[in-house]
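Participant:
Residue numbers (the working numbering): 13 to 269.
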């Protein structure tokens, strides 16, 4: 029985991955991981009941161990691992609490790596790992520093992981969309008066269904990076040829005054 393990499945991109893989009949069962049990149960119903709900806070050791226990107890054949959980806040070092800073690092970096490493032994030839990167991973971004740096880690980690799992017939893909119309932006900007980009700088907002569809296709093709639309692709190209100092100045020019 083939399984898709999806973190951050209660909303946004994680939920969209589950719905699309279900429609494509890619797997027999889902392991849905997030904190909000009610939303996971609602999604389970949409997936015809073919899912295990794992309520876990992946910023905590206990949450990570719940995922490990599900793997060891059920020994699933994992066809997809999708690390779609993520947390971000706009603001400079003085505007983001130490607690939120720790959560960004623990969820976006630590949890993704630990869950990937514990899942690989349950994957076989033809399986796919998709890590949630970001269009913010290509250059330093003041006032989005910790989040963007974490996503840069994910990009480099995934590029190297590709070669570590290649002999197993497993692909590894960093999914790097631009601004997507999900709950994430509302949560990232909910610090009143905090430094960050103007609303106009976060456009065009991309549709979750379109970017997820492309990520799945790119993973099947064995691409190590999935960059979604022309705007984000142009950003990626510029980040390759333009010095960081100039890109950072351009980013700062988009900030709220």
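Just so it is clear, CB atoms sit at the ideal spot from N, CA and C, and this is done for glycine as well.
Nothing here was measured: the structure is a model prediction, and the numbers come from that model.
Let me know the secondary structure DSSP gives residue 18 once reduced to three states.
Facilitator: strand
Participant: From 107, 171, 42 and 150, pick the residue whose C-alpha is nearest to that of residue 259; which is it?
Facilitator: 150
Participant: Count the other C-beta atoms from every protein chain shown that fall within 10 angstroms of the C-beta of residue 48, then say buried if there are 16 or more, exposed otherwise.
Facilitator: exposed
Participant: Which word fits residue 13, buried or exposed, when buried means at least 16 other C-beta atoms lie within 10 angstroms of its C-beta?
Facilitator: exposed
Participant: Using the Cβ count rule (16 or more neighbours within 10 Å means buried), how would you classify residue 188?
Facilitator: buried
Participant: What separation, rounded to the nearest whole angstrom, lies between the Cα atoms of residue 235 and residue 114?
Facilitator: Per the coordinates, the alpha-carbon of residue 235 lies some 31 Å from the alpha-carbon of residue 114.
Participant: Measure the alpha-carbon distance for residue 59 versus residue 19 and round it to whole angstroms.
Facilitator: 16 Å
Participant: What's the C-alpha gap between residue 55 and residue 261?
Facilitator: 42 Å
Participant: Nearest to residue 270 by alpha carbon, out of 267, 265, 266 and 24?
Facilitator: Residue 270 is absent from the structure shown; the chain starts at 13 and stops at 269.
Participant: Just to confirm my understanding: we take residue 75, look at its own chain, exclude 5 residues before and 5 after, and list those with CB closer than 6 Å. What are they?
Facilitator: 68 and 69
Participant: Which one of 191, 26 and 237 has the shortest CA to CA distance from residue 217?
Facilitator: 191
Participant: Considering only the beta carbon of each residue, do residue 142 and residue 94 sit closer than 8 Å?
Facilitator: yes
Participant: Output the residue ranges of the alpha helix (DSSP H) runs that lie fully inside the stretch 46-115 and measure 4 residues or longer, sorted by chain position.
Facilitator: 49-58 and 73-86
Participant: In terms of residues, what are the limits of the beta strand (DSSP E) holding residue 137?
Facilitator: 135-144
Participant: For residue 167, count the other beta carbons within 10 Å of its own beta carbon; 16 or more makes it buried, fewer makes it exposed. Which is it?
Facilitator: buried
Participant: Can you round the beta-carbon distance between residue 117 and residue 158 to whole angstroms, since I take them to be within the 8 Å contact cut?
Facilitator: 7 Å
Participant: Go through its chain and collect everything with a Cβ distance to residue 256's Cβ below 8 Å, but skip five positions before and after it.
Facilitator: 151 and 152
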